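J.: Residue numbers (my numbering): 9 to 434.
Glycine included, C-beta positions come from ideal geometry on N, C-alpha and C.
Please read all numbers here as calculations on a predicted model, not as lab measurements.
Here it is, the structure in full.
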Amino acid sequence: MSEPKQFKKCQAIRGTTDFAQDVLSKFNFITDKARQTALLYGCEEINLPVLEDTSVFVRAVGEVTDIVEKQIFKAVRAVAESKQDIALRPEGTAQVIRYYIENALNKKKPFHKLFYTGPMFRGERPQKGRLRQFHHLGVEAIGGTDTVLIDADIIALAVNMLDASGVKNKTVKLNSLGCHADKVRLTENLKTALAPYKDELCPDCLRRVLTNPLRVIDCKEKKCREIIKALDFKDSHLCVKCKDEFDKLKNVLRSIEIAFEYDPFLVRGLDYYTNTVFEIVSSDLGSQDAVGAGGRYNNLISNLGGPNIPAVGFALGMERIMLISKLKVAQPVIDIYVAGHNDNYINERYALVKFLRNEGVSADMDYCSRSLKAQFRAAQKQDIKYIAVLGDDEIKAGKIMFRDMMNSKQEMLDKVEIIKRLISFK
RNA sequence: GUGGAUGUAGCUCAGGUUGGCAGAGCACUUGAUUGUGGUUCAAGAUGUCGCGGGUUCAAAUCCCGUCAUCCACCCCA
């Protein structure tokens, strides 16, 4: 029996990434910034499982979207204990709503603002800013009122999160799809209006007319854009109430100085959106230029079997933030390196390292019995600023040589003095 | 799912057209009168040439297949 050769290669799953310290430092820093911003806006943080019943997404996101048609990763146990259909979550909103309904949060409080982070999974073909396991920062504001006053707050929160994450170059695109009735009317109008152009639309749009007519509106194909532009429907699909609400939203955003662009060609792919939709794009990204998006979804909760409660939310793509964030995040550096000669006085060095760590000072040492020179090189390479040398002279004097690597000065100190020095330098 | 490019040392890449000893720079290890880093100099170690098959006396190089990565489409945040 020979080993099967296809298992020889050690390789991460396609579209997944390993975070090393340098990337992870930035990831954690940005997550903390986003969390602090969410708390400023009165959010509670929740952390929901990666595993979720597939039907939650099918019912919420829509059956004809790529996300549920082609991209869901399924979780399979070696020994099945039930026939439950389990997915690795492809997005957060549907799951948050499942959590909201399951725990009857509407009975505890009329209004919830929930912040969440975590990995999402979609079986896409990887490219820049698009992975199969990626990370979202999301907020859902559920209940309260269905008016745009909440929408403005949520858009402002998304913008402020990106500001705090060091994303400078960004544009908020804004549109309203109208209420459910408006959306249905728009879809029907589009189908009718596009019928004469069957021969001119791109193949993708021909398909979209049947599956998801709204998506024809944001097609990138030149010809399709011209056709849509010529139809010049803009906000004509909005009923009086929805148009009024949309105008109000724009006014509030202006009053709190959130810059936005009205984009009548902006639609969102997921079924659950109604009224306000927005997208935050950055020209610093490649062709995947959306760094975040969201909108209002007034029918989702009742569609999933919950009470008739309106909601609005958004999600930001962590990997895309990382691509364009201007933040420079400091890497963790050890405070002091304990050096000696080969393995002379190794027990004393171990004891010193232990003492330093107990005092809250990060410390490390050489474990390979290397020369003093090699140990200095190792410390210098890690940007360690201070070295403690323990050798014959120090043991005789009952002290420790404390060297400042930046100005190359050193002096004999005892261990308590070293702690005092290091803490004063911090 | 579609199209294009790429895959050689830890990293960045030469070599490939025209088959003939596996290379460079950076990084790494060691040393330069036996207790001190950065600069310099010297020496050294490091390979499944993505993987599998085919052609050939001989394949990193030519052919077929496959996997992966990148870019764009599509989709989405």
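(1) Go ahead and pull the three-state DSSP assignment for P57.
(2) Can you name the residues that DSSP bridges to H120?
(3) Are the CB atoms of Q383 and D374 within a distance shorter than 8 Å?
(4) Less than 8 Å between the C-beta atoms of Y108 and G313, yes or no?
(5) Tell whether a beta-carbon distance below 8 Å holds between Y394 and L430.
(6) The ligand SAM heavy atoms versus the CB of P315: any closer than 7 Å?
(7) Once DSSP output is grouped into helix, strand and coil, what is the label at K393?
(8) Checking 8 Å against the spacing of the C-beta atoms, do V147 and I158 come in under that value?
(9) Measuring CA to CA, which of A102, L56, L139 and S310 is closest to R328?
(10) Taking one C-beta from the stretch 248-257 and one from the stretch 184-196 each time, how about it: are there three or more such pairs within less than 8 Å?
(11) On the premise that I392 lies in contact with M413, defined as a C-beta separation below 8 Å, what is that separation, rounded to the nearest angstrom?
(12) Do V341 and R357 come within 8 Å of each other at the CB atom, strictly closer than that value?
(13) Answer with buried or exposed for S10, where buried requires no fewer than 16 other C-beta atoms within 10 angstroms of its C-beta.
(14) Bridge partners of I408, per DSSP?
(15) Does the Cβ-Cβ distance between T45 and A172 come in under 8 Å?
(16) Which same chain residues, not among the five before or five after I408, have their C-beta less than 8 Å away from its C-beta?
(17) Could you pull the DSSP bridge partners for T39 from this structure?
(18) With 16 as the cutoff for other CB atoms within 10 Å, does S416 come out buried or exposed?
(19) Does DSSP classify T155 as helix, strand or coil?
(20) Taking the alpha-carbon positions, what's the Q296 to G137 distance?
(21) What do you get for T284, buried or exposed, if any count of 16 or more other CB atoms within 10 angstroms of its CB means buried?
(22) Hey, out of L380, K230, I288 and F273, whose CA is closest to D240's CA?
(23) Helix, strand or coil: which one does DSSP assign to D255?
(24) Can you have a look at A20 and say buried or exposed, based on whether 16 or more other CB atoms are within 10 angstroms of its CB?
(25) Since D212 is in the alpha helix (DSSP H), which residue starts that stretch and which ends it?
(26) Would V270 be called buried (16 or more neighbouring beta carbons within 10 Å of its own) or exposed?
T.: Answer, in terms of the structure:
(1) coil
(2) I150
(3) Taking the C-beta atoms as reference points, Q383 is found nearer than 8 Å to D374.
(4) no
(5) The answer is yes: Cβ separation under 8 Å.
(6) Here there are no bound small molecules, and the ligand SAM is not part of this structure.
(7) coil
(8) no
(9) L139
(10) By the Cβ criterion, the stretch 248-257 is in contact with the stretch 184-196, since at least three pairs of Cβ atoms, one from each stretch, lie closer than 8 Å.
(11) 7 Å
(12) no
(13) Any reading at S10 needs caution, since the residue's pLDDT is 32, under 50, leaving its predicted position unreliable; the model's value is listed next. By the 10 Å Cβ count, S10 comes out exposed.
(14) L421
(15) Yes, they are a contact pair.
(16) L360, A396, V397, L398, E402, M420, L421, D422, K423 and I426
(17) Per DSSP, none; premise fails for T39.
(18) exposed
(19) DSSP places T155 outside both helix and strand once states are collapsed to three, so it counts as coil.
(20) C-alpha separation (whole angstroms): 6 Å.
(21) buried
(22) F273
(23) helix
(24) With fewer than 16 neighbouring CB atoms inside 10 Å of its own CB, A20 falls in the exposed class.
(25) P211 to T219
(26) Here the sequence assigns Tyr to residue 270, which means Val is not the residue at that position. So Y270 ends up on the exposed side.
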